[in-house]
Amino acid sequence: MPNPSATAGDEYRASLTSAGLSPNAVQGILNISGEAYVKFSKQEDRPNFGDAIGAVNRFHSDLQSFINTQPKKDQDAYGAWRDNEKNHYKC
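Residue numbers (UniProt numbering): 1 to 91.
The following block contains the structure:
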């Protein structure tokens, strides 16, 4: 499995920061994202569809649990950022 580019993390951090999330919230999101990537990359060489869906569900659950522990300002900023990202990728 290829490694993500360093700039991808920098762009993700910049996007979250510009959305108004606090440095602690941004770092927590990046930590969860990195952990999810590492866990999934340790799967067999060709993970099946079920493995991929399970990994995405765990990532989403871990991320949402973390966001729920953050101040309301960060929760709101993350919600707005997430909605903007969803709209950006709509077909």
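Beta carbons: idealized from backbone N, C-alpha and C, even for Gly.
Item: Please state whether the Cβ-Cβ distance between LEU30 and ARG13 is less than 8 Å.; Value: yes
Item: So what's GLU44 in DSSP terms, helix, strand or just coil?; Value: coil
Item: What residue does the alpha helix (DSSP H) around SER61 start on, and which one ends it?; Value: 49-68
Item: Whole angstroms are fine: how far does the CA of PHE40 sit from the CA of ALA52?; Value: 8 Å
Item: Please identify the residue among PRO71, ASN68, ALA55 whose C-alpha is closest to the C-alpha of VAL38.; Value: ALA55
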